[in-house]
Each structure stands twice: as C-alpha cells, then as structure tokens.
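> Sharing a structure here in structure tokens format.
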Amino acid sequence: GAVVSQHPSRVICKSGTSVKIECRSLDFQATTMFWYRQFPKQSLMLMATSNEGSKATYEQGVEKDKFLINHASLTLSTLTVTSAHPEDSSFYICSAPGYVGNTEAFFGQGTRLTVV
Amino acid sequence: QKEVEQNSGPLSVPEGAIASLNCTYSDRGSQSFFWYRQYSGKSPELIMFIYSNGDKEDGRFTAQLNKASQYVSLLIRDSQPSDSATYLCAVNSINQAGTALIFGKGTTLSVSS
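Protein sequence lines correspond, in order, to chains A and B.
Going by my numbering, the first sequence opens with residue 58, and the numbers climb by one from there.
Going by my numbering, the second sequence opens with residue 22, and the numbers climb by one from there.
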C-alpha cells in the first residue's frame, strides 16, 4: 500500500525556536497533504490542507503565520512550527488522500513535539 | 461545525466478548465512514471503511452504517487483549481544498484476559 514517511518521530525544542516536520510520499505522488494535530486524549484536529504548488488552506483558528506549510513538490510537504511555545507541544500527523474517491487516508508515523 | 461524536469510554469487556463502539456524525453530506485503531503515541491504522447503509463484515470486525440516523458502529467479536486501543471514527468532509477526514475523539477499549 501507499506509504507516507514522516520525520522526525520525536523532537524536543526550546521555546522560541522553530521546528520543521517533513512528510514524504514514497511510492506515489501526493498532490494534497492534510496536517493534523492531536493533544492527549483528544481527537485528531485538522489544521490545514496543503496542495502542491499553491498556498495551503488553514482551518479556522489555526495561525497561518505560526504554522508554515510548504508543498513544493508532489512527494514532499513540510510543516514548520515557528517560535514554538510549550502550548504547541502535541502530536502532529500528516496524511495523504488515497486513490479511491480521495476518501481513504494514508498517515505518516506522526511527530511528537515537546517544547520546553 | 461538522462534528463526529463518540463515547470516550473506557469500554471494558472480557476476552472473547463482543465490543460495540458507536459514533454519530452531523454532516448529512458525508459519504465515507472509517474506523481507525490508534495505539498510544502512534498514528491511526485503518480497520474498516463503509460507504453503504447496512453491515460490512471483515473477519472479527463488522461495521454498521445508518445514514438516516447518521450513525455508524463497529462490532468486534471474540475480543482479544491485543484489541485494547483507542478506536477513532472518521467521516469524510469536503472542504475547499479537497476531502479531509473529520475524526471523533475516540473510544478507549480495554479487553481483559
């Protein structure tokens, strides 16, 4: 099946620094990538949708200047958390739509971000 | 606001019993429904998907969909301790950028041996 590779799996950073998370589609071209965030015991919340070659679409309440998304190629989408704060500590997951009606999703392994 | 509601649990069942997980959704336009299993600190893995009203069986798992009631469920027969995890219900949602999945908060299942 399709594989989405997400890195890093874990990152600890200091408050005020920026962190970049990468998601690569290994055996298919992902024109769209969804970025989710999950706090402990909470649901996966859709943050934004990136489309190759165009600006990302952000969900209501998500700061586009804080969560920079780049989808420069058909196999790579990145999420950069800028000026990270402890409240940004969360589990970030990317997913690419599948082949059948764009409804199934292929998830990356997730990134556990801890801001200290 | 499109919502997917699940009872957070925990749902505790003995080994060998049937576990029943329920989910309701608000968007009548949703056409695809998914059940994912998630272990702590890991990304979700797809258990089943269902598009049509009725039942869909796959091994020990049965998904049930009732679009009129906006209700979808997952039955796990002969529950095993390895089934202990959080089960996420998800429905598709068409936004301006494409089709994303909207997730419920998940139901934690604990199967005791």
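All C-beta atoms, glycine included, are put in the ideal place defined by N, C-alpha and C.
When the Cα of Ser47 (chain B) is compared with those of B:Leu67, B:Tyr92, B:Leu130, B:Glu78, which residue comes out closest?
Ranked by Cα distance from Ser47 (chain B), the options B:Leu67, B:Tyr92, B:Leu130, B:Glu78 are led by B:Tyr92.
> Roughly how many angstroms lie between the CA atoms of Glu104 (chain B) and Gln86 (chain A), to the nearest whole one?
Reading off the sequence, residue 104 (chain B) comes out as Asp, not Glu. Each residue's alpha carbon lies about 33 Å from the other.
> Based on Cα-Cα distance, which residue from A:Leu101, A:Ile78, A:Ala129 lies nearest to Ser66 (chain A)?
Comparing Cα-Cα distances from Ser66 (chain A) to each of A:Leu101, A:Ile78, A:Ala129, the minimum goes to A:Ile78.
> Are the Cβ atoms of Ser64 (chain B) and Ile150 (chain A) separated by less than 8 Å?
yes
> Mind pulling the chain A residues with CB within less than 7 Å of Gly50 (chain B)?
Chain A residues near Gly50 (chain B): none, gap ~13 Å exceeds 7 Å.
> Take the Cβ of Gly158 (chain A) as the centre, count every other Cβ of all protein chains shown within 10 Å, and call the residue buried at 16 or more, exposed below.
A caution first: Gly158 (chain A) carries a pLDDT of 49, below 50, which makes its placement in the model too unreliable to give a value.
> Just checking: is the beta-carbon of Ser105 (chain B) within a distance shorter than 8 Å of some beta-carbon in chain A?
no
> Leaving aside the five residues before and after Lys23 (chain B) along the sequence, list all residues of the same chain whose C-beta is less than 7 Å from its C-beta, in chain order.
Ser47, Asp48, Ser114, Ile123
> From B:Thr83, B:Gly80, B:Cys110, B:Ser131, pick the residue whose C-alpha is nearest to that of Gln66 (chain B); which is it?
Going by the sequence as given, residue 66 (chain B) is Glu instead of Gln. Per the Cα distances, B:Cys110.
> Would you mind stating whether Ser75 (chain A) and Thr139 (chain A) have Cβ atoms separated by less than 8 Å?
yes
> In whole angstroms, what is the alpha-carbon distance linking Ser53 (chain B) and Lys88 (chain B)?
Approximately 10 Å, taken between the alpha carbons.
> 8 Å is my cut-off, CB to CB: does Pro65 (chain B) come that close to chain A?
Contact of Pro65 (chain B) with chain A is assigned, a C-beta pair being separated by under 8 Å.
> Check the Cβ of Gln99 (chain A) against every Cβ in chain B and list those closer than 7 Å, keeping chain order.
Lys126
> Would the beta-carbon of Val132 (chain B) fall within 8 Å of that of Ser94 (chain B)?
no
> Output, in sequence order along the chain, the residues in the segment 76 to 108 of chain A whose CB is closer than 7 Å to any CB in chain B.
Thr89, Phe91, Gln99, Ser100, Leu101, Leu103, Thr106, Asn108
> In whole angstroms, give me the CA-to-CA distance for Leu86 (chain B) and Arg98 (chain B).
17 Å
> For chain A, find out if any of its Cβ atoms is closer than 8 Å to the Cβ of Ile71 (chain B); answer yes or no.
no
> Taking Cβ positions, are Gly165 (chain A) and Gln63 (chain A) nearer each other than 8 Å?
yes
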